[in-house]
Each structure stands twice: as structure tokens, then as C-alpha cells.
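K.L.:
Structure in C-alpha cells, see below.
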Amino acid sequence: MYVIIVGGGKVGFNLAKELLRDGYEVLLIEKDKNRWAMLERVLGEAVFLGDGCEMRTLQEVGCARADVVVAVTGHDEDNLTICQLAKRKFNVPRVIARVNMPQNEAVLKALGVDDTICGTRIIYHLIKQEIEVNQIHLLATLKGGGLDIVEINVYDNSPVVGKSLKDITFPPRCLVLSILRGSEVIVPSGQTIIEKGDKIISVIDHDQVEELKNLLVSKRE
Amino acid sequence: MKKAIIVGCGRIGSSVAQSLVEQGWDVAVIDRNPDAFRRLPEDFPGKKIVGIGIDMEALKAAGIENADVVLALTNGDNTNAMVAQMARDIFKVPFILARINDPLRADTYRELGIPTICQTTIISNIILERLQKEVK
Numbered sequence: 005m006y007v008i009i010v011g012g013g014k015v016g017f018n019l020a021k022e023l024l025r026d027g028y029e030v031l032l033i034e035k036d037k038n039r040w041a042m043l044e045r046v047l048g049e050a051v052f053l054g055d056g057c058e059m060r061t062l063q064e065v066g067c068a069r070a071d072v073v074v075a076v077t078g079h080d081e082d083n084l085t086i087c088q089l090a091k092r093k094f095n096v097p098r099v100i101a102r103v104n105m106p107q108n109e110a111v112l113k114a115l116g117v118d119d120t121i122c123g124t125r126i127i128y129h130l131i132k133q134e135i136e137v138n139q140i141h142l143l144a145t146l147k148g149g150g151l152d153i154v155e156i157n158v159y160d161n162s163p164v165v166g167k168s169l170k171d172i173t174f175p176p177r178c179l180v181l182s183i184l185r186g187s188e189v190i191v192p193s194g195q196t197i198i199e200k201g202d203k204i205i206s207v208i209d210h211d212q213v214e215e216l217k218n219l220l221v222s223k224r225e
Numbered sequence: 240m241k242k243a244i245i246v247g248c249g250r251i252g253s254s255v256a257q258s259l260v261e262q263g264w265d266v267a268v269i270d271r272n273p274d275a276f277r278r279l280p281e282d283f284p285g286k287k288i289v290g291i292g293i294d295m296e297a298l299k300a301a302g303i304e305n306a307d308v309v310l311a312l313t314n315g316d317n318t319n320a321m322v323a324q325m326a327r328d329i330f331k332v333p334f335i336l337a338r339i340n341d342p343l344r345a346d347t348y349r350e351l352g353i354p355t356i357c358q359t360t361i362i363s364n365i366i367l368e369r370l371q372k373e374v375k
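Protein chains in written order, with the working numbering: chain A, 5 to 225; chain W, 240 to 375.
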């Protein structure tokens, strides 16, 4: 698997390092000479000095045989150009763009970049989850199925404390996968009794998360 | 009245804006630097919007939804290409043009179907032509 990463900032550098460690063939393109020299000392031949927005650079690094091109510069307009070139000129099967301005996610999708990752939005959501009192955390979304994997913190005022799972009426499209209790990971059965401080991990239909929340989390006065 | 949006109020952007206004166009200008608007005449009748051209909100504030023309004239090639594509593909603006400095990139964008004007190539050609004619 050949992965081309454009943009040797913190994101590009760490991504390249991780992928190299996992055994991928990786090439990181950086256009700033000083930054390139620093990256080269750490990553060696896996770093290329050039402007990833230019056809010539992409040609030189063998973009046509790349399986994935990841554009992670700090500029959305550059990431767009890189992805468009990779996709339309070199037929790269998978292109991924980092989006810096959250509102540009929709723009890049409309202009043909299917996979976008917006760090700003992700961090914003994570922080929002941390500060929200709803005590329910989204861990992952299973693409396509509309299913979320969520973690629910059970506080001592939760109506389900002391009840066994079989006595709780969960929403129809919800499955309790596991209960985290201190350092213990419990594979639950119907007999498992919920204690305060538990973290319930479940997979649930996105549309039923509210229902689950109402069931497990007590409202604050 | 025809409506144009000009992104980038540098020497080129401001001069095109002024000419279009003189020809009776409704013109809105976007630039990220408020100082750039000093290049426009004091009585410039059009909208001046401080913002970046690849921001949907700035484009909407300039009235892109009923613009006839969008000219992307900043000094950033990729910015211009992105603005032009946003105008064409998202807002369905009938006429777009992107100013591109780098001839290699201008070719690429042309191949991607974006109407571009490359000042570097144009000026080089004019110089070469004059040399051919006038230096024997």
C-alpha cells in the first residue's frame, strides 16, 4: 500500500511516522526547505521536497501508483487542489483532505472530495461532549448503518442503579456490549446489575440515542 | 444591471472593479485585508466585504446567489481556483474566471475545466513579441 501525504506539519509528520511504523510505503511531501530538512533527519528518504499542488511534483513521486493520497496542509484551498489532481489526473482510488475551516467540509464534498476530516470540528465536538452534562459520549459511528457506539456514565442518581439488565427496557435497536467498572471489563448478561460509576458501552441506532439517554441518565434539577 | 463579485482587491482586482462600476455594473469586492480597499475610489458605490474568498459566508454576503460574474483575482492560485469552483459548482454562477500566476498550475486548472487567465504567460508572450518585432 503506497500512501502519499502532502504537508509536513504536525499532522502530516506524525501520520507519516505512524504509517511507516505500521509498514506502509509512505512519501511525505513538504515544500518548505527548512521544514523538509528537519523532517528528513527523522524520516529519511520518506520525505520529498516539493510543492504537492503541482503536477510535476505529483508525477515525480509516482502519484499514478498511489493507493491513497492524504492532503493535510493548513490551507483548505491547497488540500482541495491536491485531492482534485490526485483523483482526476492520476486516478488515485482514495483521496482524503484535511479541512481547516469546518464550513469548508461541505464545500470540498461538493467539489468532489469524498473523504474529509476536520480537526477543528472533531476537537470542538469532543470538548462539547466533555462539558455537556448529558453524560453520554459518542465513541464511534459505524458508517452506513446509522449506528453509534456510545459510552454512558452511570451516576448515583441514575434510575437504573441496582437494576439488572434484563429488568431495563432498552430501545429496540440497542445492544449493551460491555460494562466498564473500575479496571474491570464486564461482558454482560441479563443478570448483570448496574452499579453507580459504571460506564455502559452500547451500540445503538443513531435515532434512539435520546431515548437511551432518557432511560439511563437522570435529569439535573 | 449585471452583477459581479471580485475576490481580491489588489492592483488588478481594484482596477477591474472600478472599470466595471464605470460601465454601470453592480460590483462587490471581497478582501481579507480591510486596508486593501484604499485602492478603490472613496465614492466606490459597491459593497466592500472583509473576509476570505473561500468562505461561503463572505461569498453570500457579497450576493453570490444572484451574481452573473465571479472573478477570483487574489495572488493565491489555489484560493482563486477554489473560489472559481465554489462559484461555478455550488452557486451556479454563469461566468467565472480565475487568475493564476504559475503557468504549470494554470494548465492543470484548465484541464480541470476552470477558466483561467495566467498573467505570467501573457506578459512573457508580449515581451517576446515586442522583441521579435523591434530588435532586429
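We put the beta carbon where it would ideally sit given N, CA and C, even for glycine.
Give the DSSP-derived three-state secondary structure of Glu199/A in the structure shown.
P.N.:
Looking at Glu199/A - three-state DSSP - the assignment turns out to be coil, as it is neither helix nor strand.
K.L.:
State the DSSP-derived secondary structure class of Ala144/A, mapped to helix, strand or coil.
P.N.:
Note: Ala144/A maps to strand in three-state DSSP.
K.L.:
Flag Arg338/W as yes if its beta-carbon sits less than 8 angstroms from any beta-carbon of chain A, otherwise no.
P.N.:
Judged by the 8 angstroms Cβ criterion, Arg338/W is not in contact with chain A.
K.L.:
Would a check of beta-carbon distances place Asn317/W closer than 8 angstroms to chain A?
P.N.:
Closer than 8 angstroms: yes.
K.L.:
Determine, for Ile356/W, whether the minimum Cβ-Cβ distance to residues of chain A falls below 8 angstroms.
P.N.:
No, Ile356/W does not count as interfacial toward chain A.
K.L.:
What does the alpha-carbon distance come out to for the pair Val111/A and Ala50/A?
P.N.:
Distance between the alpha carbons of Val111/A and Ala50/A is about 31 angstroms.
K.L.:
May I ask you to report which of helix, strand or coil DSSP gives Thr270/W?
P.N.:
Per the sequence shown, the amino acid found at residue 270/W is Asp instead of Thr. DSSP places Asp270/W in strand when its eight states are reduced to three.
K.L.:
Provide the residue span of the beta strand (DSSP E) that contains Cys122/A, from first to last.
P.N.:
Counting along the chain, Cys122/A falls outside any beta strand (DSSP E), and DSSP gives it neither H nor E.
K.L.:
Kindly say whether Thr271/W, judged by its beta-carbon, lies nearer than 8 angstroms to any beta-carbon of chain A.
P.N.:
A small fix is needed here, since residue 271/W is Arg in this sequence, not Thr. False, the Cβ-Cβ gap to chain A never drops below 8 angstroms.
K.L.:
What does the Cβ neighbour count give for Ile365/W, buried or exposed, with the cut at 16 atoms within 10 Å?
P.N.:
With fewer than 16 Cβ atoms within 10 Å of its Cβ, Ile365/W is classed as exposed.
K.L.:
Just to confirm the assignment, what range does the beta strand (DSSP E) spanning Ser182/A have?
P.N.:
Unbroken beta strand (DSSP E) run through Ser182/A: 178-185.
K.L.:
Kindly indicate which three-state DSSP category Thr355/W falls into: helix, strand or coil?
P.N.:
Here Thr355/W sits in strand by DSSP.
K.L.:
Looking at C-alpha atoms only, which residue of Leu142/A, Gln212/A, Ser187/A is the closest neighbour of Thr173/A?
P.N.:
Comparing Cα-Cα distances from Thr173/A to each of Leu142/A, Gln212/A, Ser187/A, the minimum goes to Gln212/A.
K.L.:
Looking only at DSSP bridge pairs, what is Asn157/A linked to?
P.N.:
Per DSSP, Lys203/A.
K.L.:
Measuring straight from C-alpha to C-alpha, what distance separates Asp328/W and Asp270/W?
P.N.:
Spanning the two alpha carbons is a distance of roughly 22 angstroms.
K.L.:
What is the DSSP secondary structure of Pro258/W, counted as helix, strand or coil?
P.N.:
As written in the sequence, residue 258/W is Ser, which differs from the Pro given in the question. Helix.
K.L.:
Whole angstroms are fine: how far does the CA of Gly48/A sit from the CA of Gly116/A?
P.N.:
Distance between the alpha carbons of Gly116/A and Gly48/A: 33 angstroms.
K.L.:
Is any beta-carbon of chain A found at less than 8 angstroms from that of Ala323/W?
P.N.:
False, the Cβ-Cβ gap to chain A never drops below 8 angstroms.
K.L.:
Helix, strand or coil for Asp328/W? Go by DSSP, reduced to three states.
P.N.:
The answer is helix: DSSP assigns Asp328/W an H, G or I state.
K.L.:
Going along chain A, which residues have a C-beta under 9 angstroms from Met295/W?
P.N.:
Within chain A, the residues near Met295/W are Gln107, Asn108, Ala110, Val111.
K.L.:
Report the residues of the region 78-100 of chain A with a CB closer than 8 angstroms to any CB of chain W, ordered along the chain.
P.N.:
If the cut-off is 8 angstroms between Cβ atoms, the region 78-100 of chain A has His79, Asp80, Glu81, Asp82, Leu84, Thr85, Gln88, Leu89, Arg92, Lys93 near chain W.
K.L.:
Suppose you measure from the CA of Asn161/A to the CA of Leu130/A; what does that come to, to the nearest Å?
P.N.:
Cα to Cα, Asn161/A sits roughly 24 angstroms from Leu130/A.
K.L.:
Which chain W residues sit within Cβ distance under 9 angstroms of Glu58/A?
P.N.:
In chain order: Asp341, Leu343, Arg344, Thr347.
K.L.:
Taking 8 angstroms as the CB-CB limit, is Ala275/W close to chain A?
P.N.:
Answer no: the Cβ-Cβ gap between Ala275/W and chain A never drops below 8 angstroms.
K.L.:
Name the DSSP bridge partner or partners of Leu151/A?
P.N.:
In the DSSP output, where bridge partners are listed per residue, Leu151/A has Leu146/A, Asp209/A.
K.L.:
Using the Cβ count rule (16 or more neighbours within 10 Å means buried), how would you classify Asn95/A?
P.N.:
Flag for Asn95/A reads exposed.
K.L.:
Determine whether the Cβ of Ala320/W lies closer than 8 angstroms to any Cβ atom of chain A.
P.N.:
Yes, its Cβ sits closer than 8 angstroms to a Cβ of chain A.
K.L.:
Cβ of Leu43/A within 8 angstroms of Cβ of Leu32/A?
P.N.:
It is a contact, given that the beta carbons lie within the stated cut-off.
K.L.:
For Glu58/A, count neighbouring Cβ atoms within 10 angstroms of its own Cβ and tell me buried if that reaches 16, exposed if not.
P.N.:
It is buried - the Cβ of Glu58/A has at least 16 other Cβ atoms within 10 Å.
K.L.:
Given this structure, state the Cα-to-Cα distance separating Leu279/W from Gln257/W, to the nearest angstrom.
P.N.:
Those two C-alpha atoms are separated by around 7 angstroms.
K.L.:
Select from Gly302/W, Phe330/W, Tyr348/W the residue whose C-alpha is nearest the C-alpha of Glu81/A.
P.N.:
Looking at the Cα atoms, Tyr348/W is the closest of the given residues.
K.L.:
Just list the residues that DSSP pairs Ala75/A with in beta bridges.
P.N.:
BP columns for Ala75/A point to Val10/A, Ala101/A.
K.L.:
How long is the line joining the alpha carbons of Gly13/A and Gln262/W, rounded to whole angstroms?
P.N.:
In a straight line, the C-alpha of Gly13/A is about 47 angstroms away from that of Gln262/W.
K.L.:
With which residues is Ile339/W paired in a DSSP beta bridge?
P.N.:
Answer is Cys357/W, bridged to Ile339/W.
K.L.:
Rounded to a whole number of angstroms, what is the C-alpha to C-alpha distance between Ile245/W and Met295/W?
P.N.:
So the two alpha carbons sit approximately 14 angstroms from each other.
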